[in-house]
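Notes to accompany the following structure.
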Amino acid sequence: RNIIDSLGLDEPMMLEDSEVKSEWTRRCVGVSVVTDYNHRVYQIKAVHFDKSPGTAFSMYERDRRASTSVTYEHYYRSYYMKDITDPRQPLLEAVPEKESEQVFLVPELCSFTGFSDEMRKDKNLMLEALKQSKVSPVERLGAIQEIAGEMAAKAAGEVGSSTLSSCAQCLHDWKIRLSSNPIEVEARSFEPLEVSFGVDKKYTIEEGGSFNRFMRNGLQCPTRFDDWLFIYPESDVPVLDIWLRSLRDIAQVAFSMKMSDPVRIVCTNQRDELERVLEDRLRPTTQLVLLLTPQKDCRRVYQRFKQLTCCKFPCITQVVKSETVRKRQSIAAILSRIVLQINAKFCGPLWHVELRDAITRPFFEVPTMALGISVYRSWAGERFVGFAASLDTNCSEYYSAASALEDEPSACARGLSLKLQDFLREALLRFARRNGGLLPEHLLVYRASVRQEDWPVVRATEVEALRAVLGAVGRAGRSGETYEPHLTFIAVSQRTGVRLFCCGPGQSGA
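What follows is the structure in structure tokens.
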């Protein structure tokens with residue numbers, strides 16, 4: 002289905018309606034689409050309601066060496082034999098390959114990639130998709146070898162032929178010889194680390210990585226709720242007492258989390274009344290706001306609620322659908338997941354990797370802070386830096402911060418250096434406050450997404466910035482020694498997509 006059909010709107014072309022425009026923007030911006038005329042994948046960065054298939058653009062014709070004005074409708078009809086049926090649809094702006102270019106797409110000729118909300122509701126479809134995505138390493142290696150073998154055989158069988166298939170022609174043009182067997186290299190394989198759950202319950206997680214059954218061991222740091230709000234529609238009043246009692250029982254018995262009676266607030270018309278309710282009832286002492294969304298229009302209520310509680314009335318929130326309250330199957334598992342989510346939002350760790358293991362013990366025998374730094378660049382060229390630093394011996398409590406950076410490269414580098422210094426100072430203060438005045442003796446920094454050619458800049462701006470802060474701290478300890486921690490800076494490159502398969506005795510790949 003094309004994008005217009007996938008939106009599921011009754012009148013998708015009523016663009017004068019603000020809700021219709023909002024739905025277009027919500028569903029399209031940031032997603033990937035594929036065109037049905039050349040099967041290319043694009044990422045959408047904006048929806049232009051002021052443009053349509055009848056909008057003209059300047060097209061350069063190489064044979065004439067001149068630019069001509071042509072509409073998108075005429076362009077697709079002339080070059081791809083595609084007739085556009087609805088001239089009122091807006092245009093989608095995609096992320097271009099070159100910053101100097103602009104790429105506009107017609108929604109009618111594009112389809113969403115991935116799964117829509119309707120598809121996610123189809124359990125059989127999602128189960129089949131899960132089977133396809135969770136292929137074992139043995140099966141994946143076999144599939145790769147099979148494809149490589151077919152390509153190599155096809156190319157070898159057509160040697161000397163006057164006509165070559167596209168596969169053979171590509172290999173011939175690039176002078177590539179393809180082997181069906183992968184290269185074998187010697188590598189070091191580490192044993193899986195133990196993971197601690199609850200009160201010092203340690204387990205080795207299997208390859209699937211599922212933690213669900215281990216979560217039954219309780220919480221490492223349960224939270225206590227004395228002041229929280231419970232907002233719900235009037236239609237849920239008949240089942241409310243039983244559900245709330247069950248939630249509190251699960252929290253108390255299974256996870257040692259104490260939840261006092263909430264302040265109950267009836268709010269039926271939530272889209273219009275949530276802002277007033279939060280303004281009237283939210284207090285600085287409020288720990289949590291739990292919202293039951295109505296069965297109708299729950300998605301827009303959720304968006305409105307999160308927008309208000311993130312931008313206007315900042316507080317920790319948990320949203321539960323009304324249909325979830327009425328479920329009778331697996332109710333204990335559902336309530337347990339809600340309790341775990343709430344506790345995690347209060348920075349209560351659900352588990353941690355056992356760092357006293359022989360592999361990691363050398364790093365953590367002394368007070369150690371693990372740090373993560375990453376710089377993100379948006380489609381529009383905006384840059385943001387993210388920073389996180391561990392505060393405890395298990396690396397399960399963190400101080401985190403983020404900030405926008407300047408667009409201009411030199412200003413961006415200076416700004417990044419200053420931001421990292423500010424973040425590290427605050428992280429050291431938080432670490433000392435958390436550990437009785439003790440400062441870390443070892444700082445282990447992971448810097449994500451660094452290209453090899455950028456390493457000199459990273460070293461000059463980021464590494465030296467961190468060293469400057471550590472040197473400035475320079476306070477004398479109780480024994481009179483100067484504070485001189487060790488700094489380990491690891492740059493992580495994400496450019497190379499290498500797929501590794503471990504082949505052990507009696508294994509063809511695992």
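Position one of the sequence shown corresponds to residue 2 (our numbering), numbered consecutively onward.
Beta carbons are placed, not taken as given, at the ideal position from N, Cα and C, and that holds for glycine.
Since we're looking at a predicted model, the values are computed, not measured.
For F1, list the residues DSSP reports as bridge partners. Because the chain is modelled from 2 through 511, residue 1 falls outside the range shown and cannot be assessed.
Is C348 near the ligand NAD - that is, is its Cβ less than 6 Å away from at least one heavy atom of it? Although the ligand NAD was asked about, the structure shown includes no ligands whatsoever.
What residue range is occupied by the uninterrupted beta strand (DSSP E) comprising V321? T318 to K322
Quick check: the Cα distance between Q170 and K155, rounded to an integer number of angstroms? 10 Å
What does DSSP give as the partner residue(s) for W352 in the beta ladder? F198
Is R448 buried or exposed, if buried means 16 or more other CB atoms sit within 10 Å of its CB? buried
Could you tell me the boundaries of the beta strand (DSSP E) in which A403 lies? Y399 to L406
Check whether N344 and L220 have beta carbons under 7 Å apart: yes
Following the continuous alpha helix (DSSP H) through Y61, name the residue where it begins and the one where it ends. It is not in any alpha helix (DSSP H) - Y61 instead sits in the beta strand (DSSP E) that spans A57 to E62.
For A477, count the other beta carbons within 10 Å of its own beta carbon; 16 or more makes it buried, fewer makes it exposed. Which is it? Caution is warranted here: a pLDDT of 45 is assigned to A477, below 50, making its placement in the model unreliable, and no coordinate value can be reported.
Report the residue ranges of all beta strand (DSSP E) runs contained in full by the stretch 238 to 306; include only those spanning at least 3 residues, in chain order. 264 to 267 and 289 to 294
Where R479 and A371 are concerned, what is the direct C-alpha to C-alpha distance, given to the nearest angstrom? Caution is warranted here: a pLDDT of 49 is assigned to R479, below 50, making its placement in the model unreliable, and the coordinate value is therefore given only provisionally. Near 24 Å, if we compare the C-alpha coordinates of A371 and R479.
Measure the beta-carbon distance from V326 to L293 and round it to whole angstroms, keeping in mind my assumption that it falls under 8 Å. 6 Å
In whole angstroms, what separates the C-alpha of K122 from that of V321? 17 Å
With 16 other CB atoms within 10 Å as the buried threshold, where does W175 fall? exposed
Cα-Cα separation between T310 and P410, rounded to whole angstroms: 34 Å
Endpoints, beta strand (DSSP E) assigned at E94: L92 to A95
When the Cβ atoms of the stretch 407 to 424 are set against those of the stretch 381 to 389, are three or more pairs found closer than 8 Å? yes
Judging by CA-CA distance, which residue of V35, V446, A359 and C29 is the nearest neighbour of T369? V446
Can you list, in chain order, the residues of its chain whose CB lies under 8 Å from that of G115, leaving out five sequence neighbours each side? V32 and S33
Using only the alpha-carbon positions, how far apart do I184 and R500 sit? 11 Å
Neighbourhood of I206 by C-beta distance below 6 Å, restricted to the same chain and skipping five residues each side: V196
Cα-Cα separation between A6 and R141, rounded to whole angstroms: For the sequence presented, residue 6 should be read as Asp rather than Ala. About 34 Å.
Beta-carbon spacing of F432, L392 below 7 Å: yes
Whole-number beta carbon distance between P295 and S257, since they are thought to touch under 8 Å: Rounded, the Cβ-Cβ distance is 33 Å, inconsistent with contact.
Rounding to the nearest angstrom, what Cα-Cα distance links D47 and K124 in this structure? First, the residue type needs correcting, since residue 47 is Ala and not Asp in the sequence shown. Between A47 and K124, the C-alpha separation is close to 32 Å.
How would you label P54, buried or exposed, when you count the other beta carbons within 10 angstroms and need 16 or more for buried? buried
Under the three-state DSSP convention, the category M15 falls into: coil
Please classify P88 as buried or exposed, where buried requires at least 16 neighbouring CB atoms within 10 angstroms. exposed
Starting from Q170, follow the alpha helix (DSSP H) in both directions and report where the run begins and ends. S167 to D174
In the DSSP output, what is Q44 paired with across the bridge? S33
Three or more C-beta pairs below 8 Å linking the stretch 213 to 227 and the stretch 249 to 266: yes
Name the residue from E442, D298 and F215 whose alpha carbon lies nearest to the alpha carbon of R338. F215
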